[in-house]
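In the numbering used here, the protein residues as written are 26 to 206.
Let me begin by presenting the structure, written as structure tokens, before commenting on it.
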């Protein structure tokens, strides 16, 4: 199936799918959705700005535009691939300790992690702290030398454990995160 983006902001929305999706926003590229292989093709003249994954372990690849990428539930792999990208999280289930998303090309000072909907949904005030203190909403950003990954973790229950977790191959700064108090 060939799809074409119109004028304005266009979104590839696969939020109702349970299968593992490969969503590629690049012009002239294929995506594999609904459990099928290379079944969706973006016209070479089209630009899609946004993608929403489903509940599977999705792989979402942006393009040169300023993309908004939403992985949804599952351990998703997200790559902005150019532009000023927003990686948006709407609920705790979008990236948990057991099924954490991986950002593969996050650019600090350029890209953004948007946690505002997550904060509103949980009612928590997200506060950046160097280490968990036992207060709900504690948010830490660290580097794990064993995995070679950076991570953003949020303790929403106040038990000094990660309820929400994002991993990144590149640094993340608190200034890159929307939704911190």
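Each residue gets a CB set at the ideal place from its N, CA and C atoms; glycine is no exception.
Alpha carbon to alpha carbon, how far is residue i from residue j?
{"i": "residue 225", "j": "residue 53", "result": "With the chain covering 26 to 206 only, the question about residue 225 has no answer from this structure."}
{"i": "residue 162", "j": "residue 184", "result": "11 Å"}
{"i": "residue 67", "j": "residue 158", "result": "47 Å"}
{"i": "residue 186", "j": "residue 80", "result": "23 Å"}
{"i": "residue 85", "j": "residue 129", "result": "10 Å"}
{"i": "residue 179", "j": "residue 140", "result": "11 Å"}
{"i": "residue 115", "j": "residue 69", "result": "31 Å"}
{"i": "residue 33", "j": "residue 43", "result": "28 Å"}
{"i": "residue 201", "j": "residue 133", "result": "6 Å"}
{"i": "residue 125", "j": "residue 191", "result": "5 Å"}
{"i": "residue 72", "j": "residue 37", "result": "11 Å"}
{"i": "residue 35", "j": "residue 87", "result": "12 Å"}
{"i": "residue 153", "j": "residue 74", "result": "30 Å"}
{"i": "residue 47", "j": "residue 61", "result": "10 Å"}
{"i": "residue 166", "j": "residue 45", "result": "28 Å"}
{"i": "residue 51", "j": "residue 103", "result": "14 Å"}
Are residue i and residue j closer than 8 Å when you measure CB to CB?
{"i": "residue 181", "j": "residue 206", "result": "no"}
{"i": "residue 189", "j": "residue 117", "result": "yes"}
{"i": "residue 90", "j": "residue 78", "result": "no"}
{"i": "residue 151", "j": "residue 164", "result": "yes"}
{"i": "residue 65", "j": "residue 55", "result": "yes"}
{"i": "residue 193", "j": "residue 122", "result": "no"}
When you compare each of the options to residue i by their alpha carbons, which one comes out closest?
{"i": "residue 198", "options": "174, 137, 171 and 142", "result": "137"}
{"i": "residue 168", "options": "48, 195 and 33", "result": "195"}
{"i": "residue 93", "options": "113, 174, 134 and 60", "result": "113"}
{"i": "residue 76", "options": "61, 62 and 101", "result": "101"}
{"i": "residue 110", "options": "175, 135 and 73", "result": "135"}
{"i": "residue 146", "options": "153, 204 and 124", "result": "204"}
{"i": "residue 98", "options": "154, 120, 71 and 88", "result": "120"}
{"i": "residue 49", "options": "61, 106 and 60", "result": "106"}
{"i": "residue 127", "options": "174, 87, 156 and 155", "result": "174"}
{"i": "residue 156", "options": "170, 172 and 177", "result": "177"}
{"i": "residue 58", "options": "74, 83 and 153", "result": "83"}
Segments of 3+ residues assigned as beta strand (DSSP E) that fall wholly inside the region 127-172:
137-139 and 163-169
May I have a chain-ordered list of the alpha helix (DSSP H) segments no shorter than 4 residues that lie completely inside the region 181-205?
none
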